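Just so we're on the same page, the working numbering is the position in the sequence shown counted from 1, plus 492. Yeah, the Cβ is synthetic: ideal placement off N, Cα and C, and Gly gets one too. Predicted model, so just to flag it, every value in this text is computed and none were measured.
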Amino acid sequence: MKYLAILGRQPEISIAELEATNFCTDIDRLGGTQKLAVKLEQKPLEFLQSLPDGKITLGVSDYSKNASPRAAKTEALKLKQILVRHSRSVRVVESKTAALSTATSLHNGLSGKNPRKIELINTDDGWYRTIGVQDIDAYTRRDQARPARDAKVGMLPPKLAQILINLCGPLPAGSRILDPFCGTGVILQEALLMGYTAYGTDLSERMIEYTRRNLKWFSDEHRDQRGAGAASPVTTGASVARSEENHFTVSTGDATKYQWDQPIDAVACEGYLGAPMSQIPTEIKLKEQKQECSSIILGFLKNLLPQIKKNTPVIIAAPAWLRENGQYERLNIIDEIENMGYNVKDISREGLLYHRDDQIVARDIIILRKK
Ligand SMILES: C[S@@+](CC[C@H](N)C(=O)[O-])C[C@H]1O[C@@H](n2cnc3c(N)ncnc32)[C@H](O)[C@@H]1O
Numbered sequence: 493m494k495y496l497a498i499l500g501r502q503p504e505i506s507i508a509e510l511e512a513t514n515f516c517t518d519i520d521r522l523g524g525t526q527k528l529a530v531k532l533e534q535k536p537l538e539f540l541q542s543l544p545d546g547k548i549t550l551g552v553s554d555y556s557k558n559a560s561p562r563a564a565k566t567e568a569l570k571l572k573q574i575l576v577r578h579s580r581s582v583r584v585v586e587s588k589t590a591a592l593s594t595a596t597s598l599h600n601g602l603s604g605k606n607p608r609k610i611e612l613i614n615t616d617d618g619w620y621r622t623i624g625v626q627d628i629d630a631y632t633r634r635d636q637a638r639p640a641r642d643a644k645v646g647m648l649p650p651k652l653a654q655i656l657i658n659l660c661g662p663l664p665a666g667s668r669i670l671d672p673f674c675g676t677g678v679i680l681q682e683a684l685l686m687g688y689t690a691y692g693t694d695l696s697e698r699m700i701e702y703t704r705r706n707l708k709w710f711s712d713e714h715r716d717q718r719g720a721g722a723a724s725p726v727t728t729g730a731s732v733a734r735s736e737e738n739h740f741t742v743s744t745g746d747a748t749k750y751q752w753d754q755p756i757d758a759v760a761c762e763g764y765l766g767a768p769m770s771q772i773p774t775e776i777k778l779k780e781q782k783q784e785c786s787s788i789i790l791g792f793l794k795n796l797l798p799q800i801k802k803n804t805p806v807i808i809a810a811p812a813w814l815r816e817n818g819q820y821e822r823l824n825i826i827d828e829i830e831n832m833g834y835n836v837k838d839i840s841r842e843g844l845l846y847h848r849d850d851q852i853v854a855r856d857i858i859i860l861r862k863k
């Protein structure tokens, strides 16, 4: 099987072709992938003719180098014409762009679940059919319907939380994921949804209270999705809420000193990002922020090291700040982290930045494993 993952936002779509047989094809876990498709083994017309009886809904997306809205539409109408001549009823999904947007594919049911609702994808490497579309509505709900939110600690998008968890590499179901800067608990909620056990700590008692409220809400909302043994409410009131049978634990604690309970199978976190900013910081402000953030992240990694086993993955979203030249300035901590006793994945030396256009504080994803 040859798969295609469509990543990023239009018009900056990038396409990854994957030969792997054992990679995750569950789009609801992937976070950064808009559409997943599988290579067609037949020609588009033959494939459509082989579909079960009944009306076909057809969308055609063109991601090839010479893509144009016109070419995609012409192809769809050509296919429809032939099918109609063979007595099949067809509705073509309209689009002003060469490729259907994620919302159009999703809202027309072209996510591969209905055998007669089809999105065909043209690439320079031939035709694919969509087998998964990112459920943008579910991500928005998980983000915006949470009862306890705080713009000041940053709003980690659930998609990015999933990406951070996935960067830990394959983990057995039920593995315990620690977020030592858990804030309002986005990473923990996504970890629960993905079938892991969640362990969160944060310096702020208020944040821990937010996480508790959010995880209680989340557990009630997603009781069925986690399968057997869905997470259920933690006890409230105590500063440490343990709910191991319910898959999560939260507690107040300074990440630079805290002694965590075992086991810790993986660490995924968004570290302290410094002060929220709406303007490009001055050199002096930037220096002060870099110092503060570096000291917390390095202090945390030093404290963590003796508490985790060799090879444990540690994924951190660290801050990087927009400069006047349009580039982001990152923390200079990679060498120190390596000398401390972590292997640093090469790509995080180059900078793996996640940000919206013109966002002042970007997230720089650092991928580590204990040596
Ligand atoms: C960028 S926020 C994380 C937001 C979080 N990802 C969420 O889902 O809301 C950083 C968090 O680090 C916490 N923090 C700052 N210094 C800390 C420390 N030394 N130890 C533990 N937590 C700390 C803050 O209270 C804040 O909640």
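Annotation for Q819: no beta strand (DSSP E) segment contains it, and DSSP assigns it neither H nor E. Going by DSSP, A564 is part of the alpha helix (DSSP H) stretching over P561 to R577. A straight-line Cα-Cα distance of about 6 Å links L695 and T744. Contact check for L602 and V585: beta-carbon distance about 7 Å, within the 8 Å limit, so the pair qualifies.
With 16 or more other Cβ atoms inside 10 Å of its own Cβ, Q781 counts as buried.
Checking the 7 Å criterion, the Cβ of L648 is within range of a heavy atom belonging to ligand 1. Look at G677: its beta carbon is less than 7 Å from one of the heavy atoms in ligand 1.
For L695, the shortest separation between its Cβ and any heavy atom of ligand 1 lies below 7 Å.
The nearest non-hydrogen atom of ligand 1 is less than 7 Å from the C-beta of P672.
Put simply, the backbone Cα of K565 is about 9 Å away from that of T589.
For the 8 Å CB-CB criterion, I825 and S770 do not form a contact. S581 is the residue among E701, S581 and L814 whose C-alpha sits nearest the C-alpha of P544. Separation of V742 and N614 (C-alpha to C-alpha, rounded to the nearest whole angstrom) is 47 Å.
Scanning K572, G843, D753 and L528 for the CA closest to the CA of K547 turns up K572.
Secondary structure note for P650: its alpha helix (DSSP H) is the uninterrupted segment P650 to N658. For L765, the closest of G624, I852 and A810 by C-alpha to C-alpha distance is A810. Remark: the shortest separation between the CB of M699 and any heavy atom of ligand 1 falls under 7 Å. V678 is a Cβ neighbour of A653, given a cutoff of 8 Å. If you check the C-beta of Y764 against ligand 1, you find a heavy atom less than 7 Å away. Judged by the Cβ position, I800 fails to qualify as a neighbour of ligand 1 at the 7 Å threshold, every heavy atom of the ligand being at least this far. The Cβ atoms of E682 and I657 sit closer than 8 Å to each other. Membership of D629 in the alpha helix (DSSP H) is indicated by the continuous run I628 to Q636. For A665, the three-state secondary structure derived from DSSP is coil.
For P536, the enclosing alpha helix (DSSP H) has its first and last residue at P536 to Q541.
Nearest neighbour of G687 by Cα position, chosen from T693, Q636 and H739, turns out to be H739.
A straight line joining the alpha-carbon of Q851 with that of Y691 spans about 30 Å. For the region 782-819, the full-length beta strand (DSSP E) segments reaching 3 residues or more read 805-814 along the chain.
In this chain, the beta strand (DSSP E) harbouring W619 covers G618 to V625. In this chain, the beta strand (DSSP E) harbouring T693 covers T689 to D694. Within its own chain, the residues whose Cβ lies closer than 6 Å to the Cβ of D746, once the five positions on either side in sequence are excluded, are L695, listed in chain order. Only buried fits L612, as 16 or more other CB atoms lie within 10 angstroms of its CB.
By the 16-neighbour rule on beta-carbons within 10 angstroms, P536 is buried. The count of Cβ pairs closer than 8 Å, one atom from the region 833-842 and one from the region 695-714, stays below three, leaving the stretches out of contact.
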